[in-house]
Amino acid sequence: MIMTTALRRSAIAAVSLAGFAAIAAGGLWQLDRAYPPPLPAAATVSTEVQDRDGQLLRAFATPDGYWRLATRLDQVDKQLVDMLVAYEDKRFWDHQGVDVLALARAAGQFVTNGRIVSGGSTLSMQLARLAEPRDSRSLGSKIRQMLRALQIERRLTKREILERYLTLAPYGGNLEGVRAASLAYFGKEPKRLTVSEAALLVSLPQLPEKRRPDRNLAIAHAARDRVLTRMVSSGLLGEREAVRAALDEVSSIRRTLPALAAHAAYAVLPKAVPGQPLQLTIRKSVQEGLEQVARDAATRLGPRLSVAMVMADARTGDILGEVGSANYFDASRSGWIDMTRIVRSPGSTLKPFIYGLAFEQGLVAQETLINDSPADFSGYRPKNFDMGYQGDVSIRQALQLSLNVPAIRVLDAVGPARLLARFRQAGVTPVLPADKAPGLAIGLGGVGTTLHDLVQLYAGLANGGKAHTLHDGTEPANAERSTTTILDDQANWQITDILSGVKPPEGAAQRGIAYKTGTSYGYRDAWSVGFDGRYVLGVWVGRPDAGAVPGLSGYVSAAPILFEGFVRSGLAAVPLPSQPAGVIRSRRDDLPVTLARFGSGADGLVQATPTEPAPTIVFPPDGARVDLGTTTAEASPLVLKLQGGRAPFRWLANGKPLVGIDRRRTATWQPDGAGYSTLTVIDAAGRAASVKVFVE
């Protein structure tokens, strides 16, 4: 009976204890839910703007003024993580937030020494303190940290706890987190650190202000050495390795964090989402090189002058480097203005496209003669830049020397409206004076455009005549991106071939690029745009307030920057494209009579589309041998061009009509195979012209 009563009492006690434990656990669970650790607030980090490869271009301080960069473990040297755990919390991977053994050791040391020798805090407890700073080091604060650490361990994995700690740990001043500290003290991300650097970063968070190397170098040096000594006793480092690391100097310099691509970074900032980096198409190495070139050039050029540059991949439209001014923070140069997007007069930089349209229409060949002498176009009297005239020159010479009168003669033939229509087709809309129709003056800069748009046009030249919409990542998510034809591939090659022969500036490195310069009216803007087989770079030089700069010119002021920019970009040179199949660069003696000289009027003015003359096939020339690659699976079509005649036109190849009747003076023909063929065109009046060619 007595045994039965004892058993009953024991059972009741056990049930009561279990019930109390369950109630306590439930209460703790409710408290845990009601008072979670402030982890969301701890996740507030700096907004980062990254390059196309994830490298930091620029960071913006948090609202409370700290440089606090989000950190993942794969961004940190593993050696640093191992040293941190060994130094701060050697049982980190085993405990649940509180290390009872470490606390017991700390208590024993306090009793023995009468002072705190070690705190016994785990990394989880330190994270709790960083996320919820305490005002004192009281026992109550320590208990609160332990409870918070238990809560944190329930919510985060060990890797996540380390990442939060490495993001929030203080490193002196307004530096928080190991990435900001590594960039400020070493000038690099913490992915690859020396033993000395890793030891210093482990030592700083305990007393960040006292151990700051930029203010207390000797103290920082000693703190680093203590970490190295501890690592030897922990077995992480050999004694010799630690001695070598201790010989390394500790830098006393605090560097500024990367601040590249300022204009693009501020432009993309409104798209920021907390905790997520913003990404641009820019490549960091290219951006660094171009910004240095711009700063150096502005210093040479003198006060109040600025430099803007845009470098793009012509095959994709990606902007790889974008410099809006020589120095964003230089008020004397109005550095905050992004001169890549400001509308200015492009000078002579549009001339290649004028000649390109003429090549397309079969009006000119490279060796066609054109007259460079004073001319009057219904009251418009263009003059050359140097006020001199060359007389008869070839089209090639006229473009390479950037002669104004020949360019206007050709523009008068192809039509200003057609030129602007082609620009709009390529996604660029030049700005005309208010209520003005396009006139001949646009050929010499009488229209407004931006450096960004100019580079987009030239990117079409670099890409075989196909222009991509340029983008850098600042555009709206729904922004249209397209590919259009700026020139056909054969006319495009002719222009590229001419521009590749322009003499580089004196002392410039031979890069194998095609380029063009321009100077706006009144010496306000100097331009230079060039490209190789893949990359295109545009340069603008001038005053942001549009003030005149005597002596400013594209060739003298902007072209040297262009060539230096290509070199300093670090991009490997890509050869210009080879001559496409079907393209002929004829000698002057081999030109048909209609292409020997441009313009046939008695007064020397251009008569580009005579109404009476019979049609004449100007391309291909009679008797030409044309390589179309007929022996390959991808044979090219032959472009046919004519002058004169009355539209519409019908083409025949070997007596068989080509499909359709066309009002244009260009057509294409796909031969069946190699050999001789006769091509004939018949105009609306029944007049015909023929040529015989050999197709290969």
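Counting in UniProt numbering, the sequence shown runs from 1 upward without gaps. No residue lacks a Cβ here, since even glycine has one placed at the ideal position from N, Cα and C. Remember, it's a predicted structure, so these values are computed and weren't measured experimentally.
Item: Own chain partners of Arg62 with C-beta closer than 8 Å, once the 5 adjacent residues on each side are dropped; Value: Position check: residue 62 holds Thr in this sequence, whereas Arg was assumed. Cβ neighbours of Thr62 beyond the five flanking positions: Thr44, Val45, Ser46, Arg68.
Item: DSSP beta-bridge partners of Arg344; Value: Thr449
Item: Residue from Pro438, Val626, Thr519, Arg304 with nearest C-alpha to Ala674; Value: Val626
Item: Residue of Gln366, Ser553, Leu147, Arg144 minimising C-alpha distance to Ser520; Value: Ser553
Item: From Gln55, Gly686, Val76, His221, residue whose alpha carbon lies closest to that of Lys191; Value: Val76
Item: Beta-carbon proximity of Leu39 to Glu88, cut-off 7 Å; Value: no
Item: Where Ala18 falls, given that 16 or more other Cβ within 10 Å makes a residue buried; Value: Note that Ala18 scores 48 on pLDDT, short of 50, meaning its location in the model is unreliable; the coordinates nonetheless yield the value given after this. Counting Cβ neighbours within 10 Å, Ala18 comes out exposed, since fewer than 16 surround it.
Item: Classification of Pro476 by the beta-carbon crowding that lies within 10 angstroms, buried from 16 upward; Value: exposed
Item: CA-to-CA distance, Ala689 to Gly655, given in whole angstroms; Value: 13 Å
Item: Coil, strand or helix - residue 724 by DSSP; Value: As displayed, the chain neither begins before 1 nor continues past 696, which places residue 724 out of reach and without an answer.
Item: Nearest-angstrom beta carbon gap, Thr483 and Ala467 [assumed within contact, 8 Å]; Value: 7 Å
Item: Where the alpha helix (DSSP H) containing Thr299 begins and where it ends; Value: 284 to 301
Item: Any beta strand (DSSP E) of 3 or more consecutive residues that is wholly inside the stretch 607 to 676; Value: 616 to 619, 638 to 643, 650 to 653, 666 to 669
Item: The beta strand (DSSP E) enclosing Val539, as first and last residue numbers; Value: 535 to 542
Item: DSSP-derived helix/strand/coil call for Gln366; Value: coil
Item: Proximity below 7 Å, CB of Asp338 to CB of Gly324; Value: yes
Item: Close beta carbons around Leu168, own chain, < 8 Å, minus the five adjacent residues each side; Value: Ala42, Arg68, Leu127, Leu130, Ala131, Glu176, Gly177
Item: Distance between Gly54 and Thr609 (C-alpha atoms, nearest Å); Value: Note on Thr609: pLDDT 42, under 50, position unreliable in the model; the coordinate value appears next. Approximately 56 Å, taken between the alpha carbons.
Item: Reference Tyr458; option with closest CA among Arg511, Arg396, Val539, Leu571; Value: Val539
Item: Buried versus exposed call for Ile253 [16 or more other C-beta atoms within 10 Å across all chains shown]; Value: exposed
Item: C-alpha gap between Asp386 and Leu401, whole angstroms; Value: 11 Å
Item: For Trp527 and Trp336, the rounded distance between their alpha carbons; Value: 20 Å
Item: DSSP state of Thr517 mapped onto helix, strand, coil; Value: strand
Item: Span separating the alpha-carbon of Asp662 from that of Pro544; Value: 49 Å
Item: Of the residues Gln643, Leu638, Leu537, Ala398, the one placed nearest Ala308, counting alpha carbons only; Value: Leu537
Item: Top-ranked residue by Cα proximity to Gly524, from Arg344, Ser500, Val659, Pro438; Value: In the sequence as displayed, the identity of residue 524 is Arg instead of Gly. Closest by alpha carbon: Arg344.
Item: Sequence ranges, alpha helix (DSSP H) only - wholly within the stretch 227 to 292, length at least 4; Value: 239 to 247, 262 to 268
Item: Any 3 or more C-beta pairs closer than 8 Å across the stretch 567 to 578 and the stretch 285 to 301; Value: yes
Item: Beta bridge counterpart(s) of Gln50 as assigned by DSSP; Value: Leu56, Gln279
Item: Cβ neighbours of Val431 in the same chain (closer than 8 Å, five flanking residues each side left out); Value: Val343, Val447, Gly448, Thr449
Item: Identified DSSP bridge partners for Phe531; Value: Ala514, Val536
Item: Burial state of Ser332, where buried means 16 or more other Cβ atoms lie within 10 Å; Value: exposed
Item: Cα-Cα separation, Lys503 to Gly172; Value: 55 Å
Item: Inter-residue Cα distance where the pair is Gly439 and Gly522; Value: 20 Å
Item: Runs of alpha helix (DSSP H) wholly within the stretch 433 to 493 (minimum 4 residues, chain order); Value: 451 to 462
Item: Spatial distance of Pro577 from Pro615 (CA atoms); Value: 33 Å
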